[in-house]
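*Asks:* Chains as they are written, first to last, in UniProt numbering: chain V, 1 to 402; chain E, 1 to 402; chain G, 1 to 402; chain W, 1 to 402.
A virtual CB, placed ideally from N, CA and C, is assigned to each residue, including glycine.
Predicted model, so just to flag it, every value in this text is computed and none were measured.
Dropping the structure in here first, questions after.
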């Protein structure tokens, strides 16, 4: 066993850390203030494009992609700590072109896309010129059970016809968002893992309507947003289907593992940031004649936060290693475990930090309330705790079945 | 022991319940939608004034005030269940003229105000013609320790001069808000409970500046708001001081008990509402071929919510009874106990309901996300858990000191 | 609402409290030491009979029985606080002849017994001359589901024939235990609540074998014990059946509510005792230059214990009041709620007290480790949490079914 | 990063696992039954010596010792998984001569002992011929604060004189226990880490009295036991002092890290055993027509147990790796973190397993109640949670101090 990062990961950690400290941290608060002051915040501020250009110039670009040609060639266990660093900032993932759902969409295109699909969509995504969305969750059914999916993607000759309403399509509000990956039911009679298709839908296709942006705990998360999108008789050539009709689940599986690692590591970064703020507040602020750190159970809570973060990180890193060495099949329980552990851990740490900040912690003077909303959303996104606990226990119990 | 409500309380429960069911529930969702669609939501929609007129006409008005002349003459333990009913709705407290911080301010004026102060401020508050704010918490110090208060209220001849910055002044954004009660340091050398004064400040007094409205978990809570207010050499005649200089803490103590009961009972109403929504969702929504109620630990969570609400309600009602029969001195531990119990209980129940609603629970399609933000704020407002746990344990440990 | 105890309850509280303080507390530690030092601890020490005689002489006897002739005529809500007082001591319940399972058995005989059954068994039980057991739980099936019961009570002419193995028959080891109430399946084809019978079995009946005493978290709880009992072709006249064959469930229901109240209140007494010990230790013991009370989160834990006990007590008292005023049918959810709340609350408080006592808390130098074992057993006895959460949620969800 | 065990560790894992499965598991239940049936259980049953001989013959002996000559030369991170395997069984640690406190004592002698001390005590300990105790904790002071220690080890010419009372001296009841390491105050005026001495005390030295064995949650843990030992003017030559007077703390520090790893890994093994039993019970036992696994939240609890164990193990293994690569100085926070995490995790898992076993889980028919008592003791032994949370938070807060 060796708990040290590889030399390559360590080097990237230094470079990404320095870039965040010198380029992003100094400008991020102003970015948020400027955006919040706009009447229309659904825009990309110039500072973002400047930072992207700098990051690209330094080779800190598309680090998430295991491919050596277009990405950095990093294994999951090597990219994971970089995702953690990026997660401390609300804009860093975009700056390094490592933002969800683009990362997952790029991986899908890289693994399953046709050359034409790659040329049209992957190339500008990798260049950070456009952005993308992923349309899966639906408002009218319990989407935690994927077989509930009601939207359809019906083959009609050499076309595919999409119908249905999706929501929580993250990034759909972004001004650069040009394409969505839509998932729908193609053949209800096929094997349950061969019924669905994934289709690349240019957002300007007739029949596609981006509706309202959904507030998440009161936040619209402009300029990305989480939108409602209706598809009404949207017709596309069959070439828009990724890997061909009926392969939607297979593709979804492929993006599952790494995406989970990325999300979780970013959340761990956010939790570290919250713990840092908590520690600073606990030493700076005085009540009843003592720094908050010396009052009641505050030190115990700080210790528990430290421990919870470290345990969560180890679990995610070991899951990343399992993915790298055993593939998704060999890491099914772990990939569900981290989905249960990390959002709950982050919520606990962030809430503790808010409590130490008093009223200020609930405002936007600190990034804590936004962090809480983000972590809460991730407890539901990509399956609620209960679904993942179900996976973990099924695998566990199977060990002892006759 | 008798756990039945008095005949009088039971009768009011029926009447308030029916008013909410027939007058408020049918119009509340439209109210919120209409308000949310406005460019400037810092207004009172006509429906509110119509509802207020109806409530007043039916005698469901100022029920919180124990005084028989201006209020309903109800004891705390009798008003408490009415506050719970009102808490299920975001507008009911205002409709019945039972909204914080007006209730506390009216009580203060009723108990400690001069005749002139009553004529000028209490009369229109009781009539629901104006609203008021309470300026206590400060941004630059840990306000959980009241002795940290930095704002000043200095006597200068027959005037009092106010300086300082307050925030989280709830209701200060309301278009009808005309007056604030300001608390500040008058005499740093007096006994620690005789140093502060409470002053009635018309909001149009020179030197008073209402600044930004603070977002609380992303919400501005228009049209009431939680504002930042600066007081710069605000000069008022000494007659504006309530009960005379140096009596601020004494007055604050007086409003403490009943206010805590009201807040807590409203939160219990909110938790009941959340549990109702959770139960409806659990029976309506289907995943993996079963209603959510029949999946995993959902029934256990619903049972735990039922139990937690019932336990919290009993604790608040018994505290109200203690206040009624033994006074604040005889209920000091209890008044702190409910402050610890109820917000935490409500957060747990609301969060469970959100989880059962999936993504929808985080949006404003259901009142759950707003309820969560409100309950979280009440875990901090009026002292964080830790301060109240300190009170409870001090009283407990004292029993065994030599 | 009135949270004050009735005059009658208050008077008994004073008298029982004084008896415990002056008669029981001074001798209890010696009683335990003496018993522990015996090679055969399955005996009644003389001090117990002396205390019983004193309690009887003072009229502090059979207080649990609502009947005014044989008991004190107290309502559940009046007896409940007395049970709490008794629960602080391991021997008080026996001293006042208010010990389980005798109390439940006496109630059953009082309500359902024939005159002959009463003369033979109720009279000496009320006199404290004999003791009794209740044989329901079985080792080979999940007894949380009563329909799993495998033991049989088959009518054969004018006899009833018992077969099966029971365990966790509390009190069966007591030297004065002369009779057991056995529950078994009589008619598998009857309605599911009319299949079982309850039978009075003298322990010296041929075919009855009291087997090993079961250790519960390492304790045998001599001289009462929790035993395994086998019934092999035990033949008794039909007159031994309580209320006639097939009425077992009906009778079980009758003893359910009050028994639950008694158990829970005694546990609350035990939790109060643990909190008292925790407070004393926290003020007496010094580490790192401070009394333990002033270290870390100890005060918060003491506050939480105080709050948890008070909430639990209020829930049990309101349940007792509901039983008194609405009967078991009107208190079904509540009777399950207290079964979930109280043992868990007690375990938390006792564990906190143990932690404050360090190693000593785990030994028998303090009553804490024994209290923990007792409370843990009560989390399982009479149905585990999960069964009762099921009852509570079923009743809750039913409110919203179409 | 590499989460795979080294080839050497993997090979030992196979061999130790097979030995336990084929040699220990089949005889362990009989061993416990036989011991429990004895009037005097303070004996070593022959099966233990037979198993020890077999283990030694197979080279599965003293694996804990990093020294290649007397031990297996394993790093902490390599021995850790072996300790986990051993922890599943109550007798395996002794069988492989890897039992506490002998392991710690052997390490101390190996690192700090004189040649004479090694010849006299280390040699027979390594051979498994004698056993040893460690006398540190005291009944009359809060031993969580080591500076409270009241026992004395005073130099008098060429002798050292010991006085004081120790308790929770684990292993002192073992018939083969021949020597104890005693820690006492030598020079109260020295630097606080140079005041104490560790002394090797043959148990037959005049003035040493082994008193009562302490029940821990009702268990005496024969034949090892946790005893009270008084030292009254015990005189020993100065050669009995380990490394010379005043070096007690330094030595204690040295045994700290590895000992913590061993304890924690054994507890993780115990938790795994409990989870296995829980899974088996959940699939075998039926209630309400379903296996327990399919009732309520049982699957969620099983998933949570799986996750908690895996997180705890990763934390301990990474701590072991830090000890190996950075030494104790570089792992101070981690060594405290695992002390907080592991016992609490184990208690939760074992308690869940007990709950699934119903009444049977509390008896000695399953190893769960004993496991619970053992884990609870380890939450206190070697410092309660609160002390270790204090260490973790101090290190955390220091990062942000100016």
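Could you check where the alpha helix (DSSP H) with residue 135 (chain G) kicks off and where it finishes?
*Replies:* From DSSP, residue 135 (chain G) is part of no alpha helix (DSSP H) but of the beta strand (DSSP E) over 131-135.
*Asks:* Chain V partners of residue 296 (chain G), CB-CB under 7 Å?
*Replies:* Within chain V, the residues near residue 296 (chain G) are 297, 299 and 300.
*Asks:* Checking contacts by CB at 8 Å: is residue 42 (chain E) closer than that to chain V?
*Replies:* Not an interface residue.
*Asks:* Considering only their Cβ atoms, is the gap separating residue 122 (chain W) from residue 106 (chain W) smaller than 8 Å?
*Replies:* Contact flag set, yes.
*Asks:* Roughly how many whole angstroms lie between the Cα atoms of residue 357 (chain G) and residue 179 (chain W)?
*Replies:* Rounded to whole angstroms, residue 357 (chain G) to residue 179 (chain W) spans 29 Å at the Cα level.
*Asks:* Which same chain residues, not among the five before or five after residue 89 (chain E), have their C-beta less than 7 Å away from its C-beta?
*Replies:* So the qualifying residues of the chain are 20, 24 and 28.
*Asks:* Within 8 Å (strictly less), CB to CB, does residue 350 (chain E) reach chain G?
*Replies:* Not an interface residue.
*Asks:* Give every residue of the same chain whose Cβ lies closer than 7 Å to the Cβ of residue 55 (chain G), excluding the five residues on either side of it in the sequence, and list them in chain order.
*Replies:* So the qualifying residues of the chain are 19, 61, 95 and 96.
*Asks:* Might you give, ordered along the chain, the residues of its own chain that have their beta carbon closer than 7 Å to the beta carbon of residue 257 (chain E), omitting 5 neighbours on each side?
*Replies:* 323, 328, 331 and 335, listed in sequence order.
*Asks:* Which residues of chain E have a Cβ atom closer than 9 Å to the Cβ of residue 290 (chain G), listed in chain order?
*Replies:* By Cβ distance, chain E contributes nothing, its closest Cβ being about 13 Å from residue 290 (chain G), past 9 Å.
*Asks:* Here's a check: name, in chain order, each residue in its chain whose Cβ is nearer than 7 Å to the Cβ of residue 312 (chain W), leaving out the five neighbours to either side.
*Replies:* Closer than 7 Å at the Cβ level, and outside the excluded window around residue 312 (chain W), lie 268, 341, 342 and 345.
*Asks:* Determine, for residue 145 (chain W), whether the minimum Cβ-Cβ distance to residues of chain G falls below 8 Å.
*Replies:* Answer yes: the Cβ-Cβ gap between residue 145 (chain W) and chain G drops below 8 Å somewhere.
*Asks:* Considering only C-alpha positions, which residue in the set G:236, G:38 and G:71 is nearest to residue 128 (chain G)?
*Replies:* Nearest of G:236, G:38 and G:71 to residue 128 (chain G), Cα basis: G:71.
*Asks:* Is it the case that the Cβ atoms of residue 370 (chain W) and residue 363 (chain W) are separated by a distance below 8 Å?
*Replies:* Contact: no.
*Asks:* Buried or exposed, going by whether 16 or more other CB atoms sit within 10 Å of the CB of residue 36 (chain E)?
*Replies:* Per the 10 Å Cβ criterion, exposed.
*Asks:* Taking just the CA atoms, how far does residue 217 (chain W) sit from residue 222 (chain G)?
*Replies:* Using only the alpha carbons, I get a separation of about 16 Å.
*Asks:* Do we get a CB-CB distance below 8 Å when we pair residue 219 (chain E) with the residues of chain V?
*Replies:* For residue 219 (chain E), the answer is yes, since a Cβ of chain V falls inside 8 Å of its Cβ.
*Asks:* Using 8 Å as the limit for Cβ to Cβ distance, is residue 421 (chain G) near chain E?
*Replies:* Here chain G has residues from 1 to 402 only, and residue 421 (chain G) is not among them.
*Asks:* Using only the alpha-carbon positions, how far apart do residue 45 (chain G) and residue 177 (chain G) sit?
*Replies:* Their backbone Cα atoms lie some 15 Å apart in a straight line.
*Asks:* Just verifying my parser: in three-state terms, what is the DSSP assignment at residue 394 (chain W)?
*Replies:* Reduced to three states, the DSSP call for residue 394 (chain W) is helix.
*Asks:* Buried or exposed: which applies to residue 115 (chain V), given that a residue is buried once 16 or more other Cβ atoms fall within 10 Å of its Cβ?
*Replies:* Residue 115 (chain V) comes out exposed.
*Asks:* When the Cα atoms are used, what is the spatial distance from residue 287 (chain G) to residue 145 (chain G)?
*Replies:* Going from the Cα of residue 287 (chain G) to the Cα of residue 145 (chain G) covers about 49 Å.
*Asks:* If contact means a Cβ-Cβ distance below 7 Å, which residues of the stretch 260-271 of chain G contact chain E?
*Replies:* Correct list: empty, as no residue qualifies.
*Asks:* Relative to the C-alpha of residue 303 (chain V), which residue among W:389, W:266, W:50 and W:285 is closest?
*Replies:* Selected option, being the one with the closest Cα: W:389.
*Asks:* My assumption, with CB atoms under 8 Å, is that residue 384 (chain E) sits in contact with residue 355 (chain V). Please give the rounded CB distance.
*Replies:* With a Cβ gap of about 6 Å, residue 384 (chain E) and residue 355 (chain V) count as contacting.
*Asks:* Count the other C-beta atoms from every protein chain shown that fall within 10 angstroms of the C-beta of residue 289 (chain G), then say buried if there are 16 or more, exposed otherwise.
*Replies:* That one is exposed.
*Asks:* Extract the residue ranges of the alpha helix (DSSP H) inside the stretch 287-331 of chain G, only unbroken runs of 4 or more that lie entirely within it.
*Replies:* Taking only runs of at least 4 residues, the alpha helix (DSSP H) segments lying wholly in the stretch 287-331 of chain G are 298-326.
*Asks:* Measure the CB-CB distance between residue 316 (chain G) and residue 261 (chain G) and report whether it falls below 8 Å.
*Replies:* Yes, the pair counts as a contact, with Cβ atoms nearer than the cut-off.
*Asks:* Which stretch, first to last residue, makes up the beta strand (DSSP E) that contains residue 24 (chain W)?
*Replies:* Element bounds for residue 24 (chain W): n/a, residue is neither H nor E.
*Asks:* Would you mind sorting residue 59 (chain G) into buried or exposed? The rule is 16 or more other CB atoms within 10 Å of its CB.
*Replies:* Looking at its Cβ environment, which holds fewer than 16 other Cβ atoms inside 10 Å, residue 59 (chain G) is exposed.
*Asks:* So with Cβ pairs under 8 Å, would you call residue 283 (chain V) a contact of chain W?
*Replies:* Closer than 8 Å: yes.
*Asks:* How is residue 233 (chain G) classed by DSSP in three states: helix, strand or coil?
*Replies:* Strand at residue 233 (chain G).
*Asks:* Check whether the Cβ atoms of residue 203 (chain E) and residue 168 (chain E) lie closer than 8 Å to each other.
*Replies:* No.
*Asks:* Could you check whether the Cβ of residue 214 (chain G) sits closer than 8 Å to any Cβ belonging to chain W?
*Replies:* So, interface residue.
*Asks:* Mapping DSSP to helix, strand and coil, what is residue 106 (chain G)?
*Replies:* Helix, per DSSP.
*Asks:* What's the gap between the Cα of residue 48 (chain E) and the Cα of residue 22 (chain E)?
*Replies:* Computed Cα separation, rounded: 15 Å.
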